[in-house]
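Be aware that the sequence shown starts at 1, since it is given in the UniProt record's numbering, and climbs by one per residue.
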Amino acid sequence: MDAKEISLKEKEVKSVVDMLNDYLANYHIHYQKLRGCHWNIKGQNFFTLHIKFEELYTNAQLTIDEIAERVLTLGKPPHSRFADYIKESAIKEINTIGMNDLDMVEAILDDMARLIGLERDLLDATVKAGDDGTNDMVNRFLQFKEKNTWMLRSFAGKK
């Protein structure tokens with residue numbers, strides 16, 4: 001399948017596909033960071049954050065699958081190697097062992113801010129490409145992240 005089969009011009013969606021693969025790489029590192037936070041959380045906020053991190057990584061797992069399938073829908077292969085994710089991701093791995101709870105929240109907020117930035121860039125690119133399907137998908141991801149950013153900032157006592 002290629003983009004023209006869904007009435008899109010391949011030349012116009014090439015930048016969208018490239019951005020989606022970059023977004024996919026960042027999301028994979030974010031996902032693994034969420035798993036590490038979930039596994040290694042300790043302290044008085046254990047119950048609250050253990051559940052929240054699980055909610056977020058479960059959502060991230062579904063998001064990753066949807067991004068990869070959208071790349072396939074646009075006629076290209078999604079990145080699927082950790083070497084590619086690590087190389088291309090602006091989000092970096094961290095060691096969550098021994099990390100305190102608020103530092104974990106801060107790390108996740110940093111990731112979400114970066115992902116939101118990528119989402120806004122993707123929205124601009126999808127408008128230029130006339131790619132309403134990708135635009136709708138990314139918009140849903142953005143809304144989820146905006147709400148969870150507000151919740152985590154409130155939890156951490158940030159304005």
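Glycine is no exception: its CB is placed at the ideal position from the N, C-alpha and C atoms.
- A direct Cα-to-Cα measurement between Glu66 and Gln44 gives close to 35 Å.
- The C-alpha of Leu74 is placed about 7 Å away from the C-alpha of Val17.
- Straight across, the Cα-Cα distance linking Leu56 with Lys158 is about 19 Å.
- The beta carbon of Lys145 sits closer than 8 Å to the beta carbons of Met112, Leu115, Ile116, Glu119 from its chain, once the five residues preceding and following it are set aside; these are given in chain order.
- Of Arg140, Thr126, Leu102, the smallest CA-CA separation from Phe155 is found for Leu102.
- If you look at Gly75, you'll find it isn't in any alpha helix (DSSP H); DSSP assigns it neither H nor E.
- For Val105, the closest of His28, Ala68, Cys37 by C-alpha to C-alpha distance is Cys37.
- Membership of Gln32 in the alpha helix (DSSP H) is indicated by the continuous run 10–40.
- Cα atoms of Ile51 and Arg81: separation of roughly 28 Å, rounded to the nearest angstrom.
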